[in-house]
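Step one of this worksheet: look at the structure below.
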Amino acid sequence: MATYASGARHLTQSVKSLGGFVVVTLLTFVGLMAITFFIGRVIPIDPVLSVVGDRATQEQYDAAKIAMGLDRPLILQFVSYVGDVFQGNLGQSVSTNRPVADDLARVFPATLEMATLGIMIGVGLGVPLGVWAAARQGTWIDQVIRVFALLGYSVPAFWLGLVGLVVFYANLGWVAGPGRVDIFYDGLVEPVTGLLLVDSAMVGDWDVFWSALDHLILPAAILGFFSLAYIARMTRSFMLDQLGQEYITTARVKGVSEWRVIWTHGFRPIRVPLITVIGLSYAALLEGSVMIETVFSWPGIGNYLTVALLNADMNAVLGATLVIGSVFILINKISDVLYRVLDPRSR
Amino acid sequence: MSTTKDWLLDDSPASRLQANLGSSYRMLRTLMRNPLTVIGALILLVLILAAAFAPWIAPYSPLGQDLGARLLPPSAQHWMGTDELGRDIFSRVIYGARITLMIVALVAVISAPLGLLIGAISGYFGGWTDKALMGVTDVFLSMPKLILALAFVAALGPGIENAIIAIAITSWPAYARIARAETLTFRNSEFISAVRLLGGSHFRIITRHVLPLCTSSMIVRVTLDMAGIILTAAGLGFLGLGAQPPLPEWGAMISRGRTFILDQWWVATMPGFAIILVSLGFCFLGDGLRDALDPKQGGKE
Amino acid sequence: MTGPLLEIENLRVSFPTPKGRVDVVKGLSFTLGRERLGIVGESGSGKSMTGRAILRLIRRPGRQSADKMIFDGIDLNSLSEKQMRTLRGARISMIMQDPKFSLNPVMTIGAQIAEALKTHERLARRDVKARVLEMLHAVRINDPERVVGLYPHEVSGGMGQRIMIAMMLIPRPDLLIADEPTSALDVSVQAQVLDLIDELVREKGMGLILISHDLNLVARYCDRILVMHAGEVVESCAAADLHKASHPYTRGLLASVPKMEETRDELPVLDRSAWSGT
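Same order as they appear, the protein sequences are chains G, Y and B.
Per this note's numbering, the first sequence starts with residue 4, numbered consecutively.
Per this note's numbering, the second sequence starts with residue 67, numbered consecutively.
Per this note's numbering, the third sequence starts with residue 98, numbered consecutively.
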């Protein structure tokens, strides 16, 4: 009976916090749209002028302005902008002459593929390094890992990309150069998921698969290095917190091996906060891909954004900003929820 | 010597001066004990000296072209080689320190006080003021900074001033969050009530009592953020949205050198080393400051 | 079983401070048989560090040294960290202060107790379970089957400490160190927990070192008493002879203990000038 009542209370609480969460997330999205809308309206270039051209008469200009809805109050313009966005209408790209939404859907998987491999590398190396540094706090190993991680905060991504290309592609020849796949494999595999590794593996075209991996590994490793830096630092500080706890001493008193003290008693409790950290760095990788993609001519959303920037293709810029921002917010919020759901102490 | 030291480390200081000097001395010792912090401070000292005395240090003019000496590899005459217009890269890197220092200083001067003020007001007044201000802050915080800065620069037009504004717009929210959290911890404390009882206005309480208490964690955070600011500025420069040629901005220099990266590697690589060095300096110093000023966060002893 | 269980000579523990290394334990010596020894002192007197130093668990940047540290004929100083680990838990065990912090919050109670056993003995899973349940029963936990599946935050402080005792006694050690085992508990359960420790220790013929700030409590549960002050032993006597204590610090401590059936207007405060300096 008592358990039933507490279960019900727990459920209403979850529903309430879920409701609050949805509201906050929606507000954040509206905030994001407000910012992109604002950026779209304060640009010095007159949006009407870019449509009708310089030699339009005043009448043509006014007609176009009304047709574009720019004569209405800002708040109404914003409402219709939000409506458009929710219908997936992000406007027409000037440089590709296609709807921005279609362009983004086409380029996004390439970024996703790179960021996903990057985060795998970052987690796979960052977590053990962070734990190792914490276990050897204050020794030279700790300092070396610390400097290595701080490099991840200090090295420009685009520079590391260039140096990586010079060293591993031009000089050593270990990896393939810029681009997503060797040119003669391009377009051989019909995109299903848009993730080239998955698509080629599904149809069993291993030549394409290896070529794609060859192209992917260097940019993904460089992206991974940046998430490694963040993950290792956070892991270290979480671990230090844990290793100072009294129950770690208890475990040592029991005669438990140091390995078990660190991984079972120290590491297990930090898995949950680490999920948040990993979520955050995954989101940050999507952002970091802008620079890397530019250097590696990777046909993803970052490259799309920079090309649009250079062409002053404002619809494309804002559309890409909106999509990257949305994914960023979404990952942030999801890792937030996961944290609350998974922590045994909050149950 | 040892008596001065004892005086500084006295557990029960006799005067406020002794207490202040004592705590500064202890902090300095904590800072000096970590070699990385010292290295960081030295790097930044070198940066400031390089920026201040650029005309005396740089062997050549940063803008003077010499088409006869194009793309020369590093040598005794040109320590870092020359670029595609025959300009000495070392001289340009030295002058670039000025630009970097200016960007960093301006962003800090704009965004830190802004964030500090918003956070302090938000935490101090609470209620709807807090909800509204923190709502806006959170929207900015949950947005990717670089992308946002890119979009702002795209709207404002390329250029170093706009780059600085865009970076400042994207970096204040983190400071607002910190200032609010700090303010909340002592908002209801006795000494604030005491000032209020004495008739201190909200303005006076915030400026004289709340803000000073937030500054130490703010300094730590700003120092740690400097590396990110430098990287963002360089990134904007690299994409052609920040400092415009012929300004010797490091990111823009890398961008120019990109064309020759396979044959003349030094053109793009050298400015990168400068960026890394300076960013690392800020990271080292920020890390050390955090350990010294904010013992609950950093390395426990 | 002839020689003493534990022999310690000139034990020192030091920690760095801005003014240089400071000894928190300054040359402690004592011998212990299969008896109950109480170590008393105010906070900061180095009594807890003594307990940890016996297990060689002083963490960096702290340092420990001793001229002699012999447990049951084994020279603890000369053991490698690995050999030391086979001793910890199995031969020497320690009950810590507050079960709220000393039990792992994300591991079930059953798993934590079983770990203490499995670290030192190879047993089938069924035997481990049986031993855990038996041990929980021994520390007066009524429904051990349910308790093994709980997390530490789901039990009370008194029960947490009994679980701690079960965990530390399950590998059947020869020496038990109890570091302020009841100071985090409600007064009502303190006696229960101490009686339990006392009973189990007597039953198994173990040595006990009871570390506490509470002079009365130590006098009641121990055979012999060491009084520590500022890292040094200032008094060593049989519990029964405590009232004959000679050192002014001990006398001061005794005088400031309130008694039943007395009428004193004011409890005396320790007069620290009496034993000058230190």
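For every residue, glycine included, the Cβ atom is placed at its ideal position computed from N, Cα and C.
Paired residues, beta bridge with residue i - DSSP
i, result
"glycine 303(Y)", "None, per the DSSP bridge assignment."
"glutamate 332(B)", "Val324(B)"
"glycine 304(B)", "Leu272(B)"
"leucine 103(B)", "Leu129(B) and Phe168(B)"
"threonine 114(B)", "Gly117(B)"
"leucine 110(Y)", "According to DSSP, which records beta bridges pairwise, leucine 110(Y) is partnered with nothing at all."
Under 7 Å by beta carbon: chain G residues contacting residue i
i, result
"phenylalanine 326(Y)", "The contacting residues do not exist; phenylalanine 326(Y) stays about 11 Å from chain G at best."
"serine 140(B)", "In chain order: nothing, as chain G lies at least about 16 Å away."
"alanine 300(Y)", "Pro159"
"phenylalanine 297(Y)", "In the sequence as presented, phenylalanine is not what sits at residue 297(Y); that position holds leucine. In chain order: Pro159."
Contact check, residue i vs residue j, beta carbons under 7 Å
i, j, result
"valine 110(G)", "glycine 303(G)", "yes"
"alanine 211(B)", "valine 229(B)", "yes"
"glycine 147(Y)", "proline 140(Y)", "yes"
"valine 211(G)", "leucine 198(G)", "no"
"glycine 308(Y)", "isoleucine 213(Y)", "no"
"glutamate 248(Y)", "serine 283(Y)", "yes"
"alanine 334(Y)", "glycine 323(Y)", "yes"
"isoleucine 295(Y)", "isoleucine 233(Y)", "yes"
Chain B contact for residue i (CB, 7 Å cutoff)
i, result
"glycine 258(G)", "yes"
"proline 181(G)", "no"
"histidine 268(G)", "yes"
"threonine 39(G)", "no"
"methionine 71(G)", "no"
Boundaries of the beta strand (DSSP E) in which residue i is found, first to last residue
i, result
"glycine 135(B)", "133-137"
"alanine 275(B)", "272-276"
"isoleucine 233(Y)", "It is not in any beta strand (DSSP E) - isoleucine 233(Y) instead sits in the alpha helix (DSSP H) that spans 226-253."
"aspartate 120(B)", "117-129"
"arginine 160(B)", "160-162"
"methionine 191(B)", "189-192"
C-beta neighbour in chain G for residue i, strict 7 Å
i, result
"asparagine 239(B)", "no"
"tryptophan 331(Y)", "yes"
"valine 205(Y)", "yes"
"phenylalanine 127(B)", "no"
"glycine 207(B)", "no"
"serine 81(Y)", "no"
"alanine 281(B)", "no"
"cysteine 349(Y)", "yes"
"glutamate 367(Y)", "Per-residue confidence for glutamate 367(Y) stands at a pLDDT of 31, beneath the threshold of 50, marking its modelled position as unreliable; the derived number appears in the next sentence. No, no contact with chain G."
"serine 345(Y)", "yes"
"glycine 185(Y)", "no"
Any C-beta of chain Y under 7 Å from that of residue i
i, result
"threonine 309(G)", "yes"
"alanine 5(G)", "Legend: pLDDT at alanine 5(G) = 42, less than 50; position of this residue unreliable, value from coordinates given subsequently. By this cut-off, alanine 5(G) is not an interface position."
"leucine 120(G)", "no"
"alanine 223(G)", "no"
"glycine 328(G)", "yes"
"glutamine 226(G)", "Checking the sequence, you will find leucine at residue 226(G) rather than glutamine. Answer no: the Cβ-Cβ gap between leucine 226(G) and chain Y never drops below 7 Å."
Start and end residues, alpha helix (DSSP H) containing residue i
i, result
"threonine 147(B)", "144-151"
"threonine 261(Y)", "For the record, residue 261(Y) in the displayed sequence is valine; it is not threonine. Per DSSP, valine 261(Y) belongs to the alpha helix (DSSP H) from 256-263."
"phenylalanine 331(G)", "317-345"
"serine 345(Y)", "331-359"
"serine 157(Y)", "155-191"
"glutamate 290(G)", "274-299"
"lysine 215(B)", "206-215"
"asparagine 313(B)", "312-318"
"histidine 234(B)", "222-235"
Contact set between residue i and chain G, taken where Cβ atoms lie within less than 8 Å
i, result
"methionine 411(B)", "Outside the modelled stretch of chain B, which goes from 98 to 375, sits residue 411(B), for which no answer is possible."
"leucine 154(B)", "Thr252, Arg255 and Val256"
"phenylalanine 198(B)", "Gln248, Glu249 and Tyr250"
Under 9 Å from the C-beta of residue i: neighbouring residues of chain Y
i, result
"leucine 29(G)", "Neighbours of leucine 29(G) on chain Y: none; closest Cβ ~11 Å, over 9 Å."
"phenylalanine 331(G)", "Ser208, Met209, Pro210 and Ile213"
Where residue i meets chain Y, residues with beta-carbon distance less than 8 Å
i, result
"serine 284(G)", "Ordered by position in chain Y, no residue passes the 8 Å Cβ test against serine 284(G), which lies about 12 Å from the chain."
"alanine 59(G)", "Ordered by position in chain Y, no residue passes the 8 Å Cβ test against alanine 59(G), which lies about 23 Å from the chain."
"glutamate 290(G)", "Pro210, Lys211, Leu212 and Ile213"
Closer than 7 Å at the beta carbon, the chain Y residues around residue i
i, result
"asparagine 335(G)", "Ser208"
Proximal residues of chain G, C-beta to C-beta of residue i below 9 Å
i, result
"threonine 335(Y)", "Trp162, Leu165, Val166 and Val169"
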